[in-house]
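Notes for the one structure printed next.
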């Protein structure tokens with residue numbers, strides 16, 4: 001059970017291999033990339049407890065050294081980044097060696113950034129262990145850490161040499177974490193493939209319940225869409241911004257909740273997609289049916305959909321808009337939004353009147369009170 005999706009970037013091209021048993025067979029997958037039989041692995045403690053020994057056995061004759069970091073979004077910060085880079089230097093990792101990121105989006109982003117700056121760039125392999133990382137953050141070469149001023153504001157584009165998305169590890173995710181990852185899956189249907197969204201409406205409940213064939217299809221289609229967009233626009237000069245559907249709202253909400261487990265990234269993406277479609281409808285870009293359908297599907301999946309679903313207090317409308325203005329997608333001082341003319345028809349714009357945006361947020365916050 002395996003699919004391969006190529007990411008076509010000339011001399012930086014690589015494969016995303018999706019299937020089961022990839023961890024157990026990691027040595028055979030990674031060996032062709034190695035100059036010497038040795039890898040340095042970085043994982044968070046939760047993932048290490050579950051999967052590090054499987055990876056060690058799967059590497060066979062390849063020597064493995066490993067560093068474990070604390071789990072959670074707070075790890076994507078200067079202290080753990082510094083610790084990682086200095087550990088890699090202590091391990092005498094050379095430019096031709098391979099660093100492995102074993103974990104979810106936090107580990108993938110941090111380790112990729114460490115690989116990007118270590119000796120001005122060493123190669124790395126992504127082994128994403130969350131649904132969110134498998135369909136989104138492990139593909140495309142965006143790496144980085146958070147700053148007090150906002151999320152992902154420090155980083156670099158550094159493509160992996162290989163991505164191994166082992167569907168078997170998804171079985172160890174808590175239901176909330178799996179559904180958070182689903183926020184990124186549904187985003188792909190909403191931004192550019194109405195047929196995929198139709199398929200998700202019919203099949204996502206079975207996929208969430210554990211149907212491996214449906215998981216394979218959902219991950220493969222998501223990765224295909226991301227790979228196509230990244231191949232056209234590697235450094236987000238144009239089309240790649242579409243992948244940020246829901247993220248302008250999401251990043252503001254994550255900052256408002258202190259990057260804590262009050263709101264997981266994929267949950268913020270789902271709420272952000274619902275808000276983006278609501279904003280699109282109020283601007284007359286899409287029918288009233290579109291945001292209703294988005295919300296209904298997210299509700300059917302048992303996901304967070306509204307600001308009212310986020311526990312605890314949130315800033316007022318002005319406070320949320322101020323947090324949006326910190327987003328790295330701001331261009332010439334203007335907020336950039338990914339809006340939609342319908343399901344599967346997203347586009348990028350900076351032409352959103354503040355009063356319409358404020359109206360959407362006012363109503364969403366009022367429903368929370």
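Numbering (full-length UniProt numbering), first residue to last: 1 to 369.
Backbone N, C-alpha and C define an ideal beta-carbon position, used for all residues, glycine too.
Open item on the list: In whole angstroms, give me the CA-to-CA distance for residue 62 and residue 37.
Closed with: Counted from its first residue, the chain shown places residue 62 at position 62. Counted from its first residue, the chain shown places residue 37 at position 37. Each residue's alpha carbon lies about 5 Å from the other.
Task: Burial state of residue 108, where buried means 16 or more other Cβ atoms lie within 10 Å - done: Residue 108 sits at position 108 when you count from the first residue of the chain shown. Residue burial is scored here from C-beta neighbours: residue 108 has at least 16 other C-beta atoms within 10 angstroms and is therefore classed as buried.
TODO: Answer yes if the segment 334-343 comes into contact with the segment 274-286, meaning at least three C-beta pairs across the two stretches below 8 Å, and no otherwise.
DONE: The segment 274-286 is in contact with the segment 334-343.
TODO: Helix, strand or coil for residue 324, going by three-state DSSP, please let me know.
DONE: In the chain shown, residue 324 corresponds to position 324, counting from 1. Residue 324 carries a helical assignment under DSSP once its states are collapsed to helix, strand and coil.
TODO: Can you give me the start and stop residues for the beta strand (DSSP E) that residue 124 sits inside?
DONE: As a position in the chain shown, residue 124 is number 124, starting the count at 1. Residue 124 -> beta strand (DSSP E) spans 123-128.
Open item on the list: With the cut-off set at 7 Å, would you say residue 84 and residue 133 are in Cβ contact?
Closed with: Counted from its first residue, the chain shown places residue 84 at position 84. Counted from its first residue, the chain shown places residue 133 at position 133. Not in contact: residue 84 and residue 133 (Cβ atoms no closer than 7 Å).
Open item on the list: Taking its Cβ as the centre, do 16 or more other Cβ atoms sit within 10 Å of residue 159, making it buried, or is it exposed?
Closed with: Walking along the chain shown from the start, residue 159 turns up at place 159. Flag for residue 159 reads buried.
Open item on the list: Please classify residue 303 as buried or exposed, where buried requires at least 16 neighbouring CB atoms within 10 angstroms.
Closed with: On the chain shown, residue 303 is found 303 positions in, with the first residue counted as 1. It counts as buried.
Task: CB contact flag (residue 75, residue 106, <7 Å) - done: Numbered from 1 along the chain shown, position 75 holds the residue referred to as residue 75. Numbered from 1 along the chain shown, position 106 holds the residue referred to as residue 106. Residue 75 places its beta carbon less than 7 Å from that of residue 106.
Task: DSSP-derived helix/strand/coil call for residue 186 - done: Position 186 of the chain shown, counted from the start, is the residue given in the question as residue 186. Helix, per DSSP.
Open item on the list: Out of 282, 338, 360, 137, which one is the CA nearest neighbour of residue 382?
Closed with: The shown model of the chain, from 1 to 369, leaves out residue 382, and the question about it has no answer.
- [ ] Mind the definition here: the segment 88-101 touches the segment 6-16 only if three or more C-beta pairs lie below 8 Å; say whether that holds.
- [x] Contact between the segment 88-101 and the segment 6-16 is absent, because fewer than three Cβ pairs lie under 8 Å.
- [ ] For residue 69, I'd like the list of residues in its chain whose CB is within less than 8 Å of its CB, leaving aside the five on either flank, ordered along the chain.
- [x] Reading the chain shown from its first residue, position 69 is the one you call residue 69. Here the set comprises 42, 43, 44, 45, 75, 80, 83, 84, 107, 110.
TODO: Let me know the secondary structure DSSP gives residue 25 once reduced to three states.
DONE: One-based indexing of the chain shown puts residue 25 at position 25. DSSP places residue 25 outside both helix and strand once states are collapsed to three, so it counts as coil.
Task: C-alpha distance - residue 245 paired with residue 86, whole-angstrom precision - done: If you number the chain shown from 1, residue 245 lands on position 245. If you number the chain shown from 1, residue 86 lands on position 86. Each residue's alpha carbon lies about 36 Å from the other.
- [ ] Report the three-state DSSP secondary structure of residue 57 (helix, strand or coil).
- [x] Position 57 of the chain shown holds residue 57. Note: residue 57 maps to helix in three-state DSSP.
Task: Chain-order list of residues whose beta-carbon lies under 7 Å from that of residue 122 (same chain, five-residue window excluded) - done: Taking the chain shown and counting its residues from 1, the one referred to as residue 122 is at position 122. The beta carbon of residue 122 sits closer than 7 Å to the beta carbons of 93, 95, 97, 99, 115 from its chain, once the five residues preceding and following it are set aside; these are given in chain order.
- [ ] Please list, in chain order, all residues of the same chain as residue 314 whose beta carbon is under 8 Å from its beta carbon, the five residues on each side excluded.
- [x] By one-based count along the chain shown, residue 314 stands at place 314. Cβ-Cβ distances below 8 Å link residue 314 to 253, 256, 257, 307, 320, 365, 368 in the same chain, with the five nearest sequence neighbours on each side left out; the list follows chain order.
Open item on the list: At the level of alpha carbons, what is the spacing between residue 333 and residue 311?
Closed with: Numbered from its first residue, the chain shown carries residue 333 at position 333. Numbered from its first residue, the chain shown carries residue 311 at position 311. So the two alpha carbons sit approximately 31 Å from each other.
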